[in-house]
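The next block holds one structure in the form of structure tokens; read it before the comments.
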Amino acid sequence: MFLADKWKDYTLIDASDGEKLEYWGKYLLRRPDPLAAWAEKTEPILWSKPDAVYHRSSSGGGKWQFNKKIPERWQIHHGNMTFNIKPMGFKHTGLFPEQAVNWDWFSRLIKSAARPVRVLNLFAYTGGATVAALAAGSAANVDTEVVHVDASKGMVTWAKENVVSSGLGDAKVRYIVDDVKKFVMREQRRGRQYEAIIMDPPSYGRGPGGEVWKIEDELYPLVCECMKILSDKPLFFLINSYTTGLSAQVLDNILRLTVGKKFGGNIEADEIGLPIKSSGLILPCGISGRWFA
Numbered sequence: 018m019f020l021a022d023k024w025k026d027y028t029l030i031d032a033s034d035g036e037k038l039e040y041w042g043k044y045l046l047r048r049p050d051p052l053a054a055w056a057e058k059t060e061p062i063l064w065s066k067p068d069a070v071y072h073r074s075s076s077g078g079g080k081w082q083f084n085k086k087i088p089e090r091w092q093i094h095h096g097n098m099t100f101n102i103k104p105m106g107f108k109h110t111g112l113f114p115e116q117a118v119n120w121d122w123f124s125r126l127i128k129s130a131a132r133p134v135r136v137l138n139l140f141a142y143t144g145g146a147t148v149a150a151l152a153a154g155s156a157a158n159v160d161t162e163v164v165h166v167d168a169s170k171g172m173v174t175w176a177k178e179n180v181v182s183s184g185l186g187d188a189k190v191r192y193i194v195d196d197v198k199k200f201v202m203r204e205q206r207r208g209r210q211y212e213a214i215i216m217d218p219p220s221y222g223r224g225p226g227g228e229v230w231k232i233e234d235e236l237y238p239l240v241c242e243c244m245k246i247l248s249d250k251p252l253f254f255l256i257n258s259y260t261t262g263l264s265a266q267v268l269d270n271i272l273r274l275t276v277g278k279k280f281g282g283n284i285e286a287d288e289i290g291l292p293i294k295s296s297g298l299i300l301p302c303g304i305s306g307r308w309f310a
């Protein structure tokens, strides 16, 4: 398992009965998580004292209950990166902390590249991976550029804020609000190439023009199109997924049939997870497939 165990500002305290209890900085949040499929609570007192709880609605969605006054948004840090956190609709906070294990992985590759690295971040959300790639390039004095693509204007704005909060406002980054596949096709026509590609596709979604995305139908064709804009000397290719029922072996297979077939290199795919502090268990949080030279 790829384990995100290097956090200092985030801690998964406990998980049980379809919920998780987490410290985001100094604020304790209680949120749904269906993968916490066991009944034992190791920290029963803390479960009763969260600063905020997300309650699902039987009709869909849900809402936050705030038990004390907390800021509308606050910041947490991972290494030299700073992220803006905000309790938002459908239980989210604007960051997936388990992805830190992937940030750390590709940051090491960028730092040791000793050559310019252009990174394409697709379905880029609030820019955790964008910040990590820029920070790695800055720390190692590697010429790094990131192109950040997401269909949501609000998420792209949030990503800009995370980049600036991390002291990377002058870094080379382009923010694109667009349908991912359409953008990739345009990059093909423009002849632009990338040394690294990151994608975190949803199970299902719609682009700004109403374009329908279903991961079972669209993931492999998208990776094939991305191959056409991958440089002749690629550094890495990362695919993340939170789709229930999609196994890590699927990502392994897709990478072997595409980037691995053309360039050789190394492929690894597994679950990603977060350590549960109180019990020593691990909470699974999706899957990742990695190719690297």
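Residues 18 to 310 (the numbering used here) are what the sequence shown spells out, left to right.
The beta-carbon is built from N, C-alpha and C at its ideal position, and this holds for glycine as well.
{"query": "From this set, Glu162, Val229, Asp26 and Tyr71, which residue's C-alpha is nearest Val136's C-alpha?", "result": "Glu162"}
{"query": "Is Trp64 closer than 7 Å to Ile102 when the C-beta atoms are compared?", "result": "no"}
{"query": "Leaving out five residues before and five after Glu311 in sequence, what residues of the same chain have Cβ atoms less than 6 Å from its Cβ?", "result": "No information on residue 311 is available, as it lies outside the stretch 18 to 310 that the chain covers here."}
{"query": "Where does Ile317 land, buried or exposed, given buried means 16+ other C-beta within 10 angstroms?", "result": "Residue coverage of the chain in this structure runs from 18 to 310, which leaves residue 317 outside it and unanswerable."}
{"query": "Just to check my reading of the structure: Ser295 and Ile30 have Cβ atoms closer than 8 Å, yes? What is that Cβ distance to the nearest angstrom?", "result": "6 Å"}
{"query": "Evaluate contact between the segment 200–215 and the segment 245–265, counting only Cβ atoms and requiring at least three cross-stretch pairs below 8 Å.", "result": "yes"}
{"query": "Quick check on the DSSP output: what are the complete alpha helix (DSSP H) runs of length 4 or more inside the segment 145–215, in order along the chain?", "result": "145–157, 170–182 and 197–207"}
{"query": "Which residues in the same chain have their Cβ closer than 6 Å to the Cβ of Gly222, if we skip the five residues on either side of it in sequence?", "result": "Trp230"}
{"query": "Quick check on DSSP: helix, strand or coil for Trp122?", "result": "helix"}
{"query": "Tell me whether Trp64 sits in a helix, a strand or coil according to DSSP, three-state version.", "result": "helix"}
{"query": "How would you call Asn138, buried or exposed, if buried means at least 16 neighbouring beta carbons within 10 angstroms?", "result": "buried"}
{"query": "Buried or exposed: Ala168, going by 16 or more other Cβ atoms within 10 Å of its Cβ?", "result": "buried"}
{"query": "Residues in the same chain with beta-carbon distance under 6 Å from Lys108, minus the five sequence neighbours each way, listed in chain order, please.", "result": "Arg48, Pro49 and Tyr71"}
{"query": "Does DSSP put Leu247 in a helix, a strand or coil?", "result": "strand"}
{"query": "My guess is that Phe309 and Gly277 are in contact by the Cβ rule of under 8 Å, so how many angstroms apart are they, rounded?", "result": "Incorrect: roughly 10 Å between the Cβ atoms, too far for contact."}
{"query": "Give a yes or no on contact between the segment 139–150 and the segment 176–191, applying the rule of three or more CB pairs nearer than 8 Å.", "result": "yes"}
{"query": "In terms of alpha-carbon separation, which member of Asn270, Lys170 and Arg132 lies closest to Ala141?", "result": "Lys170"}
{"query": "Between the C-alpha atoms of Val159 and Arg132, what's the straight-line distance to the nearest angstrom?", "result": "6 Å"}
{"query": "Around the C-beta of Leu274, are 16 or more other C-beta atoms found within 10 angstroms, so that it is buried, or is it exposed?", "result": "exposed"}
{"query": "CB Trp120 to CB Pro104, shorter than 7 Å?", "result": "no"}
{"query": "Select from Leu298, Glu242, Arg207 and Val166 the residue whose C-alpha is nearest the C-alpha of Leu52.", "result": "Leu298"}
{"query": "Of the choices Ala153, Glu285, Phe280 and Asp22, whose alpha-carbon is the least far from that of Ala188?", "result": "Ala153"}
{"query": "What residues in its chain sit with their C-beta under 8 Å from that of Val365, if we drop five residues either side in the sequence?", "result": "One cannot answer for residue 365 here, as it falls past the ends of the chain, which runs 18 to 310."}
{"query": "Does the Cβ of Asp234 have 16 or more other Cβ atoms within 10 Å, making it buried, or fewer, making it exposed?", "result": "exposed"}
{"query": "Going by other Cβ atoms of all chains shown within 10 Å of its Cβ, with 16 needed for buried, is Gln116 buried or exposed?", "result": "buried"}
{"query": "Helix, strand or coil: how does DSSP classify Tyr142 here?", "result": "coil"}
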